Each structure stands twice: as C-alpha cells, then as structure tokens.
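Scroll down for the structure; my scribbles are underneath it.
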C-alpha cells in the first residue's frame, strides 16, 4: 500500500495511504498548487505529475498550495501516464465528456466507495485528471478501469482542476469510518493485477497484433487498441490471469506443435 | 418560492428555485466570480451580496464566472445580512470554526437534505458565506437556524469561498430525485415564520429588554442577544407563533389590566 511517510508531511496530519492523485500534463503551476490545497483539505498526500508543462518543481504552485507545499515537494514526476499508474491496481479517469468506451462510470460518491474498498483491501488506487484546457486524452482514459464523472448542471459543467480533485477527495473523506466490513478473501495467488502487469499484457498483445497485420488499417488502429484494452481492464484480472493470457498469446504466436500438414 | 425567471439565465438551464447563496462582505471580485461559476455548475441561480467590499457590479468577477456572468447580473445587493435573509425561512451559516452557540450543526450532505426538504415544502432557504479573510461574524451566524460545517482534514481545513459554495451546491444537486416523499401537512395558519418576521420579533423583544434595563451590562449585551435569538431560531417558529410571542411581549410591557394592589 502506498504510504507517504515523509516526516515533512506530518503537520498535515495522517494522510491517506493507497490513494494517488495523478495530474496528466497540468498546465499552470497555480492550478497544481490549488489542487494540492484541495488534497490537503481531504487528507490526501500522494501527488503524481505526468509531463507538467512548465517543468517541476514550479514555484508558481507554492502560494496557491496555501501551506500544503510539502505535498508539492514530495510529488513524483513521470514521463508517461502508464509509468505513473504502474503500481496501481485501481485507476479511475476523471472526465466530463462521455467517451465511446465501454467502462463503468462512477459518480464521485460511488467512486469513493470503490476506492475505499480497494484500498482497505491492500490495493493501490489512483485517479487521473487531465490538463486544464482539454482534459484527458482517450489513450489516458483507456488506461483506467472506470470513469469518474461529476453529475452537474447538464448545460453548465465547468469544474476547474482543483474542484475536480476536491470533489473526489471530499467524497473519499466522507467514506471514513464506513469502510466496508467485508474484506476480500484473496489468496496470494489471486492478487489483482497491477497496471504494470496490465500494460505488459497490452504491449505484448499489441506487438503481436501489429506483427500479424491485425492492426494494419492505420486509421482504426488507436480505437481498436483502446477497445481491446477496455475488455481486459473491465475484467479486473488477477496477476495469475495476466500470466495465463500472456502465455496464451505466446502460445498462439509460436505454436510448439507445428501443424502436420 | 424564489424563482429567478430572468430570461438571460435561460442558457444556464433551469436553476434551482428557493435556494439563495448569500455572500456577506465578499472582498475580491474574482472570488465572487468563482463562487458564481460553482453556482452555475450546481444549477443555483440566486445570488445575494451583503456590502461587497469593492461595490457592485464588479468587473473583476466576470471572467472567473466563466460564462455564468448572467447570475452576476441578477445578483441582489443588501446593506445588512438581516435584509438579505428577510424573506427566507431556513438560513444556514457556513463556518469552519466552532462557535459558542447552541445550534444544529449540519454537514453539507445533511444540510442539503434539510434545504431540499424545506424548499420542496414551499419555503425559501439560503446559506450564508462570510468574507474570505475571516468568515462570518458571530452576529451573522446568530441569524441562522443552523450551522454548516464541511468535515475536512482536522489539521488542514482551508476551503476557499468558491469551494465552500461548491460543496453545498454539489450536495444539493445530489439530492435531486430524492426529495422526501412526505410533504409537511402544514395548515395555512401554520406557515413557518420567515426571517423578516423573526427579526421583527427580535427587534421588538430587544427594544423592550433595553428599555427595561435587562441588557444594561454593556459587555454582556451582544452575547446575551445572540443567545436569546438562538433560542427562538432553534424553535423553528410558525408565523402565528411569532405573532403570539410579540403579543406576549407587548402584553408584558403594557398590561391592559393594571394590577389591583
């Protein structure tokens, strides 16, 4: 489970382990700072940044963080969204726009219950937030096992980044003391796959699909890849199942028994 | 019931009638604008301003309102908090600090249920938000029938004005389609008192308490007044009961039947 034990964070109180806020290509330092202030309000301490536009650290983020700049200081920076979610088992993508993907859609309240449940069961969870101007791109959304959408005024949905972070953090806090009693009875061999394992599966599969020409129609390639990923992501695979699937792919590509004819 | 039927507001969709957002002495126009953006997200359209520091209208509010400036344009300005809540029956005061007042304390979720219930029963409701630097003063809080406090990280509670507005608006939206089935069976003569009537009662009572010397210890005056107001505010009086109480006060002050002795 993610535990941020940086002693500098102590004065923000105990911060939630197991729940990462992942900002993908955030543009303005001020907005990162305000998102961090929202995190501190909700006792969330794990911040990950994917390709922040103006680099990192960014002095513009300090004042808006309103004293919670210690979360800024412990932020981790990644070059790809895939790397940023590699050690997570549950990833939700925050988006206001409907996407043509078959994924579970969670309200913040339902998402918080799901995240709390998973974290209580020893998993690492995270929520992806896109850049201020345009949100997450479809490839980032495709990495998530579910979509987080805030139900708002249907003709005026215009949350800023900090408010989007705040609303899921707020709902997360409201689930405190309401952790589901029932813990998953997982055997060691039934550990849920983390995203690194899922991405390993996808890359393996896609490499083979490219090799065999399945993805040769270039204009359909991206949407096909996304749809395929979604199938497996929705399935909430165990680590064992991932290995099984990879074995199947390898087996199909290089049959040990050559056809007789 | 409050209905904002300004045709200019049409493109924000149907806005909630019966629920006013009241900003008391807001300082920065930007913050008013961001609060309005939060309101539009939550389909709230009724904005009231008490003594905005930089006057009104304020051009600094327009850009942060993010297209919802039509709510700004229909905002009503008041010189006192009392006037701003005069036509409301249910008033909650948003405050992060505990106050030494005996009032119900609501989380945003509980507050939203209460407000939704009252509005569904034909009452007007509102939430008071104080200035950015110091929040509501105790006299403003004393006008409220309950306190609204957002449960946050106990060692880092630092919501900005727009987020405070947003969280109650968000919870209000989440109660949609969950309006309690049971409507209050109020007779006409049991109409709940509005704040104008309550303030009329308080002023009447306090005038008489001043006159009779009850409030002569000047350093205790304010706290005594607040405590007295709280007693009646907690009681959720009907309009008839207010008239009865005022009759009692008048009667006590000027007994029609002179004592015989």
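Residue numbers (the working numbering), protein chains in the order written: chain A, -3 to 257; chain B, -3 to 257.
By construction, the Cβ of each residue, glycine as well, lies at the ideal position given by its N, Cα and C atoms.
Please read all numbers here as calculations on a predicted model, not as lab measurements.
Taking residue 121/B and residue 86/B to be in contact with their CB atoms under 8 Å, please state how far apart those CB atoms are, rounded to whole angstroms.
Start at 1 with the first residue of the second chain, and residue 121/B comes out as number 125. Start at 1 with the first residue of the second chain, and residue 86/B comes out as number 90. That belief holds up - the Cβ atoms of residue 121/B and residue 86/B are roughly 4 Å apart, short of 8 Å.
Quick one: what's got a C-beta closer than 7 Å to residue 234/A's C-beta in the same chain, skipping five residues either side?
Locating residue 234/A in the first chain gives position 238, where the first residue counts as 1. Cβ neighbours of residue 234/A beyond the five flanking positions: 186, 187, 188, 189.
Name the two residues that bound the continuous beta strand (DSSP E) containing residue 72/A.
Residue numbering aside, residue 72/A sits at position 76 when the first chain is read from its first letter. Going by DSSP, residue 72/A is part of the beta strand (DSSP E) stretching over 72 to 74.
Of the residues 145/B, 58/B, 71/B, 83/B, the one placed nearest residue 101/B, counting alpha carbons only:
Here the question's residue 101/B lines up with position 105 in the second chain. Closest by alpha carbon: 145/B.
Determine whether the beta carbon atoms of residue 12/B and residue 45/B lie at a separation below 8 Å.
Locating residue 12/B in the second chain gives position 16, counting from the first residue. Locating residue 45/B in the second chain gives position 49, counting from the first residue. Cβ distance not < 8 Å, so residue 12/B and residue 45/B don't count as in contact.
For residue 198/B and residue 222/B, the rounded distance between their alpha carbons:
The sequence position of residue 222/B within the second chain is 226, counting from 1. The sequence position of residue 198/B within the second chain is 202, counting from 1. So the alpha carbons of these two residues sit roughly 10 Å apart.
For residue 124/B, which residues in chain C fall below 8 Å Cβ to Cβ?
Given the protein chain composition of this structure (A and B), no chain C is represented.
Do we get a CB-CB distance below 8 Å when we pair residue 9/A with the residues of chain B?
Within the first chain, residue 9/A is the residue found at index 13, counting from 1. Yes, residue 9/A counts as interfacial toward chain B.
Helix, strand or coil for residue 216/A, going by three-state DSSP, please let me know.
In the first chain, the residue the question calls residue 216/A occupies position 220. DSSP places residue 216/A in helix when its eight states are reduced to three.
Delimiting residues of the beta strand (DSSP E) encompassing residue 77/B
On the second chain, residue 77/B is found 81 positions in, with the first residue counted as 1. That residue, residue 77/B, is in no beta strand (DSSP E); its alpha helix (DSSP H) goes 77 to 80.
Between which two residues does the beta strand (DSSP E) carrying residue 86/B extend?
Counting from one through the second chain, the residue named residue 86/B turns up at place 90. Residues 86 to 90.
On a Cα-Cα basis, can you pick out the residue from 150/B, 107/B, 83/B, 168/B that is closest to residue 192/B?
Position 196 of the second chain, counting from 1, holds the residue named residue 192/B. When each option's Cα is compared against that of residue 192/B, the closest is 83/B.
Starting from residue 100/B, trace the alpha helix (DSSP H) in both directions and tell me its first and last residue.
Counted from its first residue, the second chain places residue 100/B at position 104. Counting along the chain, residue 100/B falls outside any alpha helix (DSSP H), though it belongs to the beta strand (DSSP E) covering 100 to 102.
Can a CB atom of chain A be found closer than 8 Å to the CB of residue 15/B?
Within the second chain, numbered from 1, the residue matching residue 15/B stands at position 19. No Cβ of chain A is located within less than 8 Å of the beta carbon of residue 15/B.
Where residue 232/B meets chain A, residues with beta-carbon distance less than 8 Å:
For the purposes of this step, residue 232/B is taken as the residue at position 236 of the second chain. Here the premise fails: no neighbours, minimum Cβ distance about 27 Å.
Do residue 9/A and residue 151/B have their C-beta atoms within less than 8 Å of each other?
Taking the first chain and counting its residues from 1, one reaches residue 9/A at position 13. Taking the second chain and counting its residues from 1, one reaches residue 151/B at position 155. Their beta carbons are under 8 Å apart, which means residue 9/A touches residue 151/B by this criterion.
State yes or no: is the beta carbon of residue 154/B nearer than 8 Å to at least one beta carbon in chain A?
On the second chain, position 158 is the one that residue 154/B refers to. Closer than 8 Å to some Cβ of chain A, the Cβ of residue 154/B qualifies, so yes.
Do residue 158/A and residue 33/A have their CB atoms nearer than 8 Å?
Translated into the one-based positions of the first chain, residue 158/A becomes position 162. Translated into the one-based positions of the first chain, residue 33/A becomes position 37. It is a contact, given that the beta carbons lie within the stated cut-off.
Consult DSSP for residue 205/B and reduce its assignment to one of helix, strand or coil.
Position 209 of the second chain, counting from 1, holds the residue named residue 205/B. When secondary structure is reduced to three states using DSSP, residue 205/B falls in the helix class.
Which chain B residues sit within Cβ distance under 8 Å of residue 36/A?
Start at 1 with the first residue of the first chain, and residue 36/A comes out as number 40. Ordered by position in chain B, the residues that pass the 8 Å Cβ test against residue 36/A are 149, 152, 154.
Can you list, in chain order, the residues of its chain with a C-beta nearer than 6 Å to that of residue 2/B? Leave out the 5 residues immediately preceding and following it.
The sequence position of residue 2/B within the second chain is 6, counting from 1. With a pLDDT of 49 at residue 2/B, under the threshold of 50, the modelled position of this residue cannot be trusted, and the question is left open.
Name, in chain order, the residues that DSSP records as bridge partners for residue 267/B.
The requested residue 267/B is not part of the displayed model; chain B covers only -3 to 257.
Give me, in chain order, the residues of the same chain whose beta-carbon lies closer than 7 Å to that of residue 23/A; leave out the 5 immediate sequence neighbours on both sides.
One-based indexing of the first chain puts residue 23/A at position 27. So the qualifying residues of the chain are 49, 127, 128, 129.
Identify which residue in 164/B, 43/B, 156/B, 171/B has its Cα closest to the Cα of residue 116/B.
As a position in the second chain, residue 116/B is number 120, starting the count at 1. Among 164/B, 43/B, 156/B, 171/B, the Cα nearest to that of residue 116/B belongs to 171/B.
My output table needs one value for residue 44/A: the three-state DSSP class, helix, strand or coil.
The residue labelled residue 44/A in the question sits at position 48 within the first chain. Residue 44/A falls in the strand class under three-state DSSP.
Continuous beta strand (DSSP E) stretch holding residue 14/A: start and end:
What you label residue 14/A is simply residue 18 of the first chain in a count that begins at 1. In this chain, the beta strand (DSSP E) harbouring residue 14/A covers 12 to 20.
Compute the Euclidean distance between the alpha carbons of residue 201/B and residue 162/B, then round it to the nearest angstrom.
As a position in the second chain, residue 201/B is number 205, starting the count at 1. As a position in the second chain, residue 162/B is number 166, starting the count at 1. One C-alpha to the other measures close to 37 Å.
Closest by C-alpha distance to residue 149/A, when choosing among 148/B, 140/B, 167/B, 153/B:
The count along the first chain starts at 1 and reaches residue 149/A at position 153. Residue 149/A has its Cα closest to that of 167/B, out of 148/B, 140/B, 167/B, 153/B.
Candidates 16/A, 220/A, 108/A: closest to residue 73/A by CA position
Here residue 73/A is taken as the residue at index 77 of the first chain, counted from 1. It is 16/A.
Do you know offhand how far residue 67/B's Cα is from residue 25/B's?
Within the second chain, the letter at position 71 stands for residue 67/B. Within the second chain, the letter at position 29 stands for residue 25/B. Taking the straight line from one Cα to the other gives about 14 Å.
In chain A, which residues lie less than 8 Å from residue 62/B when you measure between Cβ atoms?
Your numbering for residue 62/B matches position 66 in the second chain. What residue 62/B touches in chain A: 154.
Considering only C-alpha positions, which residue in the set 108/A, 88/A, 80/A, 28/A is nearest to residue 64/A?
For this step, residue 64/A is matched to residue 68 along the first chain. Considering only alpha carbons, the answer is 28/A.
What separation, rounded to the nearest whole angstrom, lies between the Cα atoms of residue 210/B and residue 218/B?
To locate residue 210/B, count along the second chain from 1; it is residue 214. To locate residue 218/B, count along the second chain from 1; it is residue 222. The straight-line gap from Cα to Cα measures roughly 12 Å.
Could you round the C-beta distance between residue 147/A and residue 169/B to whole angstroms and report it? I think they count as a contact, below 8 Å.
In the first chain, the residue the question calls residue 147/A occupies position 151. In the second chain, the residue the question calls residue 169/B occupies position 173. Rounded, the Cβ-Cβ distance is 7 Å, consistent with contact.
Under 8 Å, Cβ to Cβ, is there at least one residue of chain A near residue 33/B?
Translated into positions along the second chain, residue 33/B becomes position 37. Yes, residue 33/B lies at the interface with chain A (some Cβ there is under 8 Å from its Cβ).
Please name the residue, chosen from 247/B, 164/B, 124/B, 35/B, that lies closest to residue 79/B on a Cα-to-Cα basis.
Residue numbering aside, residue 79/B sits at position 83 when the second chain is read from its first letter. The shortest Cα separation from residue 79/B among 247/B, 164/B, 124/B, 35/B belongs to 124/B.
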